[in-house]
Structures are given as C-alpha cells and as structure tokens.
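> Here the sequence shown is numbered in the working numbering, starting from 63 and rising by one per residue. Beta carbons are placed, not taken as given, at the ideal position from N, Cα and C, and that holds for glycine. All values derive from a computational prediction rather than experimental measurement. Take a look at the following structure, please.
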Amino acid sequence: MAVEVGEQAPEFDLEEAYDRPRVRLADFRGRSNVLLVFHPWAFTAVCEEEALDLQENLDSFRHANTEIVFVSCDSSAARQAWRRRLGVEFTFASDFWQHGAAARAYGVFDERTGAPVRGTFLIDTSGTVIWTLVKTSERRTEMVPESLGALEERA
C-alpha cells in the first residue's frame, strides 16, 4: 500500500551520479519541500512528457520552496544521459541499487515489471506527506496543478 497523506515520509537514499553526493530526504528536512516523483522508465514517451511538464513549471515549484526529485530504477548513468537530452534542471535520481528500495518504501514498486508505478509524493519540510497521487497506468496530467495547489493551500 502506498504512503498516505499525513504519514511521515520514509527516508530515501538515491544516487544522482557516481561523482555527486547522494540524494537523501534528510538533506531536505527543515530546508525545503520535496516533490518525489516515481516513474517506470527513462527514455519513454509518457515519462518524458511528465518530466517536461515539471520543467515547464519548475519556477513555480521553486517559488513554493519545493525541490523535485524524479526517480526510476534505471542506472544513474542512463538517468543523467536522459536528463541532459531533455535539458531539465531538477534532480534525476536512481533507485537502481538496492533495486527499487525507495519505491518499495513508498509502496509504488511493481514486482511484475521490476519498476515503480507512477507515484508522486509531496513532502513538507518536516518530512510529512501532504499530497499524493498514485496511478498504475496513465499519465499524471493532474500532477503539476494539484501539487502546486496543495503548496498554495499551506502557504
């Protein structure tokens, strides 16, 4: 079962790139909100649309003191190659090893495919989940407006 609104967000420890510091929820506590976005695969059309939608709205998230962490189980090298190709400016993190550990902790790992389903968790500066959206198949068209709306309500 996926993590729900009002619960403490599970800690995550993800690799962005082998030569960069790891991405951990603890590093954001007391400093910024986090929009943690799990998606199945890099270099796929729907996931690309979602990444570009987030990039298009990046200034709004930053204005709301929110960092975006975009996660799949692809290797960090593949994630960074895809990030460069898309030209996005937010964090692309890898849940490659231990394979799917963060996605499992958030309840969005699909054992059949070996990849996360589309799970989005908005976490406030104290580590509490304040909004979620989990979809097993289709694109999350409501992800950006609803998560920004949740941030505006808390402002």
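Skipping 5 residues on each side, what residues in its chain have a beta carbon closer than 6 angstroms to that of glutamate 200?
Taking the first residue of the sequence shown as 1, we reach residue 200 at position 138. Closer than 6 angstroms at Cβ, skipping near neighbours: no residue.
> For a test of the three-state rule: what should DSSP assign to phenylalanine 123, helix, strand or coil?
For this step, residue 123 is matched to residue 61 along the sequence shown. Three-state result, phenylalanine 123: helix.
> Are aspartate 189 and alanine 71 closer than 9 angstroms when you measure CB to CB?
Reading the sequence shown from its first residue, position 127 is the one you call residue 189. Reading the sequence shown from its first residue, position 9 is the one you call residue 71. Before going on, a small fix: residue 189 reads as glycine here, not aspartate. Yes, they are a contact pair.
> Return the CA-CA distance between leucine 47 and glutamine 142, expressed in angstroms with no decimal places.
Residue 47 is absent from the model: the chain starts at 63 and stops at 217.
> Label phenylalanine 105 either buried or exposed according to how many other C-beta atoms from any shown protein chain fall within 10 Å of its C-beta, with 16 as the threshold for buried.
Your numbering for residue 105 matches position 43 in the sequence shown. Phenylalanine 105 is exposed by the Cβ-count criterion.
> By the 10 Å Cβ neighbour count, where 16 or more other Cβ atoms means buried, how is aspartate 136 classified, buried or exposed?
Taking the first residue of the sequence shown as 1, we reach residue 136 at position 74. So aspartate 136 counts as buried.
> What ranges does the beta strand (DSSP E) occupy inside the segment 124-212, keeping only unbroken runs of at least 3 residues that lie completely in it?
128-134, 153-156, 180-185 and 191-197, all fully within the segment 124-212.
> Under three-state DSSP, which class holds glutamate 69?
To locate residue 69, count along the sequence shown from 1; it is residue 7. Three-state DSSP puts glutamate 69 in coil, outside helix and strand.
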